[in-house]
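Below you'll find the structure, written out as structure tokens, and then a few comments.
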Amino acid sequence: MTHIPSRYLSRALLILAITAMSAGPAYAISAKYRAQLEASGCTQMTDGVSCDIHKTKAQNASRQTQPEEIDAMIGQPISDTAERLLAEGWKPQNGRWYQGDRVLTLTVVDEVVKHARLAQRNDR
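The following block contains the structure:
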């Protein structure tokens, strides 16, 4: 059997100990943010887009009906969509539509709505 010098053995044990201590779980988000996500019912993907981490699950759930209505605009003529938005109280301004604290951005190609994005208004 070969004898291993103690200096190599102590270095190997030190490296092994450091590796073992640093091999714990690594979280990319803070505990506070994780708690906000859980309390609001949001995910990292929906936070700030269709979900607000500062609201309750119930408040966010009540807002979830709007995206289906917005998605229904895709593929429709912009004239029909604009008429509907005006009837529902939306106000057009600089290519975007505003209603309360919400902003709707439409992408129109050849007079047809191709994409719709609903977001929270940040200037209030």
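For the sequence shown, my numbering begins at 3 and goes up steadily by one.
Just so you know, even glycine gets a beta-carbon here, dropped at the ideal spot from N, CA and C.
Remember, predicted model here, so these are calculated numbers, not experimental data.
If only uninterrupted alpha helix (DSSP H) runs of at least 4 residues are considered, those enclosed by the region 59-100 are 59-65, 67-73, 80-89. For residue 122, the enclosing beta strand (DSSP E) begins and ends at 114-122. Within the same chain, and ignoring the five residues on either side of residue 49 in sequence, the residues whose Cβ sits closer than 6 Å to its Cβ are 55.
In chain order, 99 place their CB closer than 6 Å to the CB of residue 87, counting only its own chain and leaving out the 5 sequence neighbours on each side. With three or more CB-CB distances shorter than 8 Å, the region 108-119 counts as touching the region 76-87. The C-beta separation of residue 92 from residue 108 comes to about 11 Å, leaving the pair out of contact by the 8 Å criterion. Pairing residue 102 with residue 123 gives a Cβ-Cβ distance under 9 Å. Counting every other CB atom within 10 Å of its CB across the protein chains shown gives residue 75 a total of 16 or more, marking it as buried. Rounded to whole angstroms, the separation of the alpha carbons of residue 40 and residue 57 is 11 Å.
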